[in-house]
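Take the sequence shown: its letters are residues 809 to 1032, numbered as in our numbering.
Read the structure below first, then the notes.
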Amino acid sequence: MVRSHYVVTPGPEGEAVVHPLKPWLRENPDQNPPGMHPDENNSHSLRRGLKKLGWRLQFTQSEVLIIKPDQQGSISYADDLINAEEDQYSEYAFVDIEDSAELTFSLEMDLQAALRSNIEKLEAGLRIIDGGKERTTDAGRIDILAEDRDDNLVVIELKAGQANSKVIAQVLAYMSAVADEDERSVRGIIVAGDFCDRVVLAAKAVPNLGLRKYAYQFTFSELE
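The structure is reproduced here in structure tokens:
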């Protein structure tokens, strides 16, 4: 579940006015928490900064309301928005909309780093040839470009969690771009935690495209 963030401020008649968090902070830069900016900080960090300034947080299943105290330091003007039953939702129980994209990006970068260090676990004989960084093509940036034991180029695309049907077109575009640029045969591998049915069916129709699931393995050591 993801939640949207809203700022609540007192209106000219003392009523509660609700604004989307980041647009409001952009329009009112003097209200940003010290050292923060909506273009540089995620919603979780911004709400934490506002909370430190005395703003009240109200959590519901789908929203986070960040309530600005009035000139008397009261938030009673927003009483109609505050529901004790809804506030039972934990501050950390759900992923926030803006944060979810950042979290996905972070997981994919971690996955990429792990795979670069263990590329032969994906397929024996693979060798990374992109110089340790994503290769830029006319179709976009390739997560990992490798070469297999038969000298085929291998485009490797990583997806945190489940891969949806859009990934097929994305990988095929990368493969076509690399084939044109390097004039070599190209294969593709999509690595994800899981695949929707459409991805599985589509991949069966593309002979040079493979799917691989990743899994986590934990190890534990006792501190001496």
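Virtual Cβ for every residue (Gly too), placed ideally from N, Cα, C.
In the three-state DSSP reduction, Ser882 falls in the coil class, being neither helix nor strand.
For Ala1011, the uninterrupted alpha helix (DSSP H) segment begins and ends at 1005-1012. DSSP, read as helix, strand or coil, puts Lys967 in strand. For the 7 Å CB-CB criterion, Glu928 and Leu934 form a contact. For secondary structure counted as the alpha helix (DSSP H) over 4 or more consecutive residues, the segment 968-1001 holds these complete runs in sequence order: 974-990. Excluding residues up to 5 positions away in sequence, Leu966, Ala968, Val999, Tyr1022 lie with their Cβ nearer than 8 Å to the Cβ of Leu919 in the same chain. Counted as a single uninterrupted DSSP element, the beta strand (DSSP E) harbouring Gly948 occupies residues 948-950. Taking Asp938 as the centre and dropping the five residues before and after it, the same chain places the C-beta of Leu953 closer than 6 Å to its C-beta, in chain order. Residue pairing from DSSP leaves Thr868 without any beta-bridge partner.
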